[in-house]
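Notes for the one structure printed next.
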Amino acid sequence: MMTARWRTRRSAGKVLVIVAAVLAGTQFLAPMAVSDTAFTGIDGGPYAADWTAAVDGPQPHNGIVPDLAVPITMSDGVVLKADVIHPADNGRVPDGRRPVILQMQGYGKLPLLVGEAVLSAADGLGIKQPLEAWAASLNLPGAGVDGLFDLTRQLDSGALEAAAQDWALAEAGYTLVQVDTRGTGTSEGAWQVFGDREKQDVAEVVDWITRQSWSDGTVGAMGISFTAITALEATDRAPAGLKAVFAYEGSADIFTDIAGPGAAVGVGFLVPWLLGVNALKMIPDVTALLVGKFDPVQQARWLRDRIADPLTLVDMVVNGYTAMTPDQLTARTRELVDPNSGFRRGLKTDITRIQVPTFMVGAWFDIFGTTPADTFDAIPLPREQKKLIMGDGYHLGSGVGGFGHPGLPPRLDVLQRAWFDHWLRGIDNGIDRFTPMIVRQQGGGWTDAPEFPRAEAVYRRMYLDDIPSGTSPGSHYDGGLSADPRQVAVRDLTVTPALSSLCGRDAARITAGATAILDLCTNDSRVWENDGLSFTSGPVPAPTTVSGPIAVHLNVVEDAADGYWVATVNDVAPDGVSHEIATGQLVASMRQIDEDAGKRSPNGDYTEPHYFLDLGRRQQTVPGVPVTLDIALTPIEAVLQPGHRLRIDVYASNFPKALPPMIFLADSGLKPEHLRLDPDAPSWVNIPLTAAIPAGS
Numbered sequence: 000m001m002t003a004r005w006r007t008r009r010s011a012g013k014v015l016v017i018v019a020a021v022l023a024g025t026q027f028l029a030p031m032a033v034s035d036t037a038f039t040g041i042d043g044g045p046y047a048a049d050w051t052a053a054v055d056g057p058q059p060h061n062g063i064v065p066d067l068a069v070p071i072t073m074s075d076g077v078v079l080k081a082d083v084i085h086p087a088d089n090g091r092v093p094d095g096r097r098p099v100i101l102q103m104q105g106y107g108k109l110p111l112l113v114g115e116a117v118l119s120a121a122d123g124l125g126i127k128q129p130l131e132a133w134a135a136s137l138n139l140p141g142a143g144v145d146g147l148f149d150l151t152r153q154l155d156s157g158a159l160e161a162a163a164q165d166w167a168l169a170e171a172g173y174t175l176v177q178v179d180t181r182g183t184g185t186s187e188g189a190w191q192v193f194g195d196r197e198k199q200d201v202a203e204v205v206d207w208i209t210r211q212s213w214s215d216g217t218v219g220a221m222g223i224s225f226t227a228i229t230a231l232e233a234t235d236r237a238p239a240g241l242k243a244v245f246a247y248e249g250s251a252d253i254f255t256d257i258a259g260p261g262a263a264v265g266v267g268f269l270v271p272w273l274l275g276v277n278a279l280k281m282i283p284d285v286t287a288l289l290v291g292k293f294d295p296v297q298q299a300r301w302l303r304d305r306i307a308d309p310l311t312l313v314d315m316v317v318n319g320y321t322a323m324t325p326d327q328l329t330a331r332t333r334e335l336v337d338p339n340s341g342f343r344r345g346l347k348t349d350i351t352r353i354q355v356p357t358f359m360v361g362a363w364f365d366i367f368g369t370t371p372a373d374t375f376d377a378i379p380l381p382r383e384q385k386k387l388i389m390g391d392g393y394h395l396g397s398g399v400g401g402f403g404h405p406g407l408p409p410r411l412d413v414l415q416r417a418w419f420d421h422w423l424r425g426i427d428n429g430i431d432r433f434t435p436m437i438v439r440q441q442g443g444g445w446t447d448a449p450e451f452p453r454a455e456a457v458y459r460r461m462y463l464d465d466i467p468s469g470t471s472p473g474s475h476y477d478g479g480l481s482a483d484p485r486q487v488a489v490r491d492l493t494v495t496p497a498l499s500s501l502c503g504r505d506a507a508r509i510t511a512g513a514t515a516i517l518d519l520c521t522n523d524s525r526v527w528e529n530d531g532l533s534f535t536s537g538p539v540p541a542p543t544t545v546s547g548p549i550a551v552h553l554n555v556v557e558d559a560a561d562g563y564w565v566a567t568v569n570d571v572a573p574d575g576v577s578h579e580i581a582t583g584q585l586v587a588s589m590r591q592i593d594e595d596a597g598k599r600s601p602n603g604d605y606t607e608p609h610y611f612l613d614l615g616r617r618q619q620t621v622p623g624v625p626v627t628l629d630i631a632l633t634p635i636e637a638v639l640q641p642g643h644r645l646r647i648d649v650y651a652s653n654f655p656k657a658l659p660p661m662i663f664l665a666d667s668g669l670k671p672e673h674l675r676l677d678p679d680a681p682s683w684v685n686i687p688l689t690a691a692i693p694a695g696s
């Protein structure tokens with residue numbers, strides 16, 4: 000039997016490494032409040048040194064005491080399993096009550112427990128920080144794998160520690176609670192996939208924590224990705240004990256970010272994600288067995304629940320890609336295309352209910368990179384109580400390399416600790432005065448964003464035309480881009496579905512940055528552009544900022560009853576490298592826009608068209624008859640440097656980033672599609688720029 004007390008973090012690490020070895024052999028909208036506060040700047044100003052010292056300096060406790068496999072019974076009788084990590088002084092939990100940091104886990108708390116043990120053991124041996132610093136210093140210019148070093152460069156930025164429930168937080172005096180969400184890991188029940196019952200569970204767990212003898216009644220929620228989503232979900236029922244949230248690469252609107260933007264499903268991530276979560280939830284409660292808490296009756300209920308629901312949502316995916324007509328869709332699959340279904344509603348956090356201080360970290364090309372800026376703006380709190388960092392990176396690291404170095408923001412673990420110290424403990428450490436929104440400008444550096452979009456960025460139309468720019472000879476068509484309409488005659492440009500998108504930045508985005516390791520496909524769209532229509536401006540004479548959401552208005556003609564369109568915005572360097580900085584997509588028959596939810600710029604054009612994405616509103620296209628599409632692209636902050644050009648690329652596919660369900664593909668027949676350049680019905684991009692951009696020649 001494993002002892003319930005370990006005397007130091009080093010011994011904790013050794014024991015849990017043994018656990019890992021055992022497992023290795025196991026088979027298995029309110030208005031934004033205005034503030035007059037003077038904020039610090041991106042480096043944290045005079046407070047940063049104290050924030051860092053709080054993490055790196057002496058701590059009040061010298062170890063941890065874990066209480067593993069703790070059952071928590073929900074109001075409907077379902078048992079969730081938790082691990083509780085207490086601070087310790089020489090192997091003993093000190094008297095008193097302490098604030099608690101909660102993580103609701105979807106991948107199973109056991110892998111995180113083992114991972115934290117390894118990190119803790121490395122820290123105890125004194126090798127963790129030197130290894131992180133060494134990995135962050137690696138660089139081989141010209142090797143073609145700069146993307147790999149973009150990942151390793153983040154290892155000394157505090158990203159790992161902020162993502163995991165770092166046991167250093169326990170030594171700092173917090174009690175850590177890790178809970179497997181319903182239907183995942185070692186918890187009973189059926190996986191809810193962010194449904195109402197899951198939100199209720201989070202509230203009940205928070206309430207349970209506040210009633211424990213070791214809790215002072217204050218709870219912070221934290222996490223990365225899946226667990227960051229559940230951290231934001233924790234606000235839904237407004238449990239009294241919840242006092243702060245730190246969400247790293249999370250989403251408050253999963254449908255818009257990845258599940259169905261423009262009516263196409265993010266299969267490149269969602270399918271392996273579903274399979275992975277469903278596989279991990281089948282691992283039995285080995286921890287309970289090792290610590291002497293194995294309950295055969297409870298484990299039998301867990302097994303019953305897993306047998307009843309072994310592949311949550313996989314049936315929906317299979318049906319969505321086999322049903323040829325709407326009447327072949329199951330009731331479950333129809334929930335995906337019904338905006339009023341409980342499933343669709345569950346994929347979105349009601350931002351107006353966020354009433355606790357919330358710190359978010361994301362990236363423009365994260366799989367959840369579409370909505371954080373809107374979420375930040377819509378949280379009904381003053382800017383002292385909400386913060387957002389947006390990097391130029393992917394899900395495997397949000398591009399925060401260099402954090403903690405001079406002139407850049409403090410490390411993420413430092414910011415996280417300062418956030419919880421202030422809002423859970425009431426320490427006046429100045430974190431509320433940290434700059435509210437910090438962004439990495441694509442093509443530029445880190446900067447603050449007083450507002451987003453920036454006030455100096457004016458929405459302007461730039462028109463697509465058939466005048467060759469001479470800058471994109473490898474594209475399927477090389478056209479021009481101009482602030483004034485230049486098209487003089489009607490002309491159809493044809494584009495067909497293809498798989499060259501596999502070598503594009505959209506592929507890197509949906510694979511969480513995995514393909515970004517290879518520079519060729521990630522940083523240069525010219526391979527993908529072989530199957531696309533390119534429209535390029537002239538070079539900008541001075542740095543020109545793009546700030547805000549973007550919309551592309553296309554006049555198109557289909558040869559079938561449906562079609563699928565993709566548009567990207569690219570920054571084209573003088574040497575011809577075409578770097579994608581924004582992307583969007585739309586199924587032609589799902590083009591209906593909710594005017595109440597959509598946004599327009601002062602010029603009357605859409606900036607953020609918001610689609611109903613309701614199968615009941617679907618309008619099939621008539622072959623040969625033009626229709627107009629307004630395609631929402633991801634919001635961005637970017638800088639076109641002098642000599643660089645703006646390019647709009649138009650495609651008919653972007654697999655694996657997205658794939659429309661079969662009913663749309665069947666109606667399209669994957670036939671060629673046509674962009675109609677018509678002087679009486681022009682196509683354009685509505686884009687926020689700080690200066691006019693010359694026309695392509």
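Position one of the sequence shown corresponds to residue 0 (numbering that gives the first Met the number 0), numbered consecutively onward.
Positions of the beta carbon are idealized from the N, C-alpha and C atoms, including for glycine.
Identity of the residue in the options nearest residue i by Cα
i, options, result
"M281", "S397, S524, A189 and D256", "A189"
"A87", "D593, A167, Q128 and E131", "A167"
"A263", "R590, N554, A694 and A691", "R590"
"F38", "P381, A456 and G240", "P381"
"N529", "D349, P295 and S652", "S652"
"L423", "R210, P660 and G216", "G216"
"G503", "T446, A581 and G443", "A581"
"N569", "V624, A637, V626 and A417", "A637"
"L147", "L109, G444, A507 and G194", "A507"
"D122", "S186, A202 and D55", "D55"
"D200", "W445, P325 and R236", "R236"
Cβ-Cβ distance between residue i and residue j below 7 Å
i, j, result
"I366", "H394", "yes"
"R675", "D505", "no"
"G531", "D648", "yes"
"D561", "Q486", "no"
"L269", "V313", "no"
"A81", "K292", "no"
"T495", "P671", "yes"
"S524", "E579", "yes"
"V360", "G157", "no"
"V285", "G240", "no"
"T229", "N277", "no"
"R300", "E187", "yes"
"W683", "Y462", "yes"
Cβ neighbours of residue i in the same chain (closer than 7 Å, five flanking residues each side left out)
i, result
"Q104", "L111, Q177, V178, D179, T180, G184 and T226"
"R196", "R181"
"R305", "K280 and M281"
"V571", "T470, T535, S577, H643, R644 and R646"
"P608", "A550, I592, G597, D629 and A631"
"A698", "The question about residue 698 has no answer, for the chain in this structure spans 0 to 696."
"W213", "H85, R96, R97 and T174"
Identity of the residues DSSP links to residue i by a beta bridge
i, result
"A246", "G222 and M359"
"M389", "G361 and V438"
"D629", "H552"
"L101", "V176 and A220"
"E636", "S546"
"N569", "E579 and R646"
Integer-rounded CB distance, given that residue j should sit under 8 Å from residue i
i, j, result
"L700", "F433", "This structure leaves residue 700 out entirely; the chain is present only between 0 and 696."
"T370", "S250", "6 Å"
Residues of its chain near residue i, where Cβ-Cβ distance is below 8 Å and the 5 sequence neighbours each way are ignored
i, result
"A23", "Residue confidence is low: A23 scores 34 on pLDDT, short of 50, so the model does not pin down where it sits. No coordinate-derived value is stated."
"A307", "A189"
"A691", "R459 and A482"
Sequence-distant residues of the same chain with beta carbon closer than 6 Å to residue i, five excluded per side
i, result
"D155", "E131, A132 and A135"
"G687", "The question names Gly, but residue 687 is Pro in the sequence shown. These residues qualify, in order along the chain: P452, A456, Y458, S546 and G547."
"G390", "A362, S397, G398, V399 and R439"
"V489", "D677"
"V565", "Q584, Y650 and N653"
"P625", "N554, V556 and R675"
"Q153", "G396, V399 and G400"
"I17", "Because the pLDDT of I17 is 31, which lies under 50, any placement of that residue in the model is unreliable, and the number read from its coordinates should be weighed accordingly. Closer than 6 Å at the Cβ level, and outside the excluded window around I17, lies no residue."
"A657", "A263, G265 and Q584"
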